[in-house]
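If you're matching positions, the sequence shown starts at 22 in this note's numbering and goes up one per residue. Virtual Cβ for every residue (Gly too), placed ideally from N, Cα, C. Report on one structure; see the data block that follows.
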Amino acid sequence: MTLNSVVNDCLKFFGFRGRISDKFIRYVVTGFTAFLVDYSTFLSLYYLAHVPLQVSVPTGIVLATIINFVMNKLWTFKATKQTSSHHVVIQLCLYGLLVIINSVFSYYFIHYLSDIHISPSVGKIVAIAFCAIWNYFFYKLAIFRKSNFPLPNLS
């Protein structure tokens, strides 16, 4: 019995007629793991250690991104055929760009919600949800795409 069959059987039980792909289920499991790391790091730093948003938000994102990269590369997208150091450098650069985008968006989004009296702990969950949606497409279409990975000549 695979994770995919369990998820699809549960969805059928609740009346869902479609089929969820293995890749998407692995993405959700990977994302949930990264979410736990990101959110628990943020909560610990911001609420327990009283670290400001400018530090607590990106710290959680960076730690979660490391876990996310490894799990997505090896398990979700199974991008192990692109194992040359050149490919990994390109993937890490693209991931780094995504970390910057996610960090800046999350900080300003959480800060804005905080200004209108919505708790940063709630704002963080909403920010993570937004990031997860665009991250999936960026991972699939750019970072872990399987065919003809575009590589600049670095030599």
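Residue i to residue j span [Cα, whole Å]
i	j	result
K44	K33	19 Å
N89	D59	10 Å
P79	T51	19 Å
S127	K145	7 Å
F159	D136	30 Å
N174	V109	With a pLDDT of 49 at N174, under the threshold of 50, the predicted position of this residue should be treated as unreliable, though the coordinate-derived value follows. About 14 Å.
L95	F165	10 Å
N93	H71	32 Å
V91	A163	16 Å
V143	D30	31 Å
I87	S42	24 Å
R38	T23	19 Å
I139	F63	16 Å
T36	V49	First, the amino acid is wrong: residue 36 is Gly here, not Thr. Those two C-alpha atoms are separated by around 20 Å.
Y68	L134	17 Å
S77	R40	38 Å
C152	F56	11 Å
Residue i CB to nearest heavy atom of the ligand MN below 6 Å
i	result
Y129	Within the structure as shown, the ligand MN is missing, as the structure has no ligands at all.
Extent of the continuous alpha helix (DSSP H) to which residue i belongs
i	result
Y67	Per DSSP, Y67 belongs to no alpha helix (DSSP H) and is neither H nor E.
S42	Unbroken run through S42: none, as it is neither H nor E.
W155	141 to 159
N106	Note that residue 106 corresponds to Ser in the displayed sequence, not to Asn. S106 -> alpha helix (DSSP H) spans 106 to 136.
A85	74 to 92
Option nearest residue i by Cα separation, candidates the options
i	options	result
N123	I154, N93, Q112	I154
L84	L69, I41, P73, T54	T54
P15	S61, Y48, S26, T23	This structure cannot settle anything about residue 15, because the visible part of the chain is limited to 22 through 176.
P73	K161, C152, Y129	Y129
R47	L69, F63, F98	F98
L115	K161, L66, G81	K161
I121	V28, V27, Q75	Q75
Contact belief for residue i with residue j at Cβ below 8 Å, rounded distance in angstroms
i	j	result
N156	L119	6 Å
A150	I131	Not quite, the Cβ-Cβ distance comes to about 12 Å (not below 8 Å), so this is no contact.
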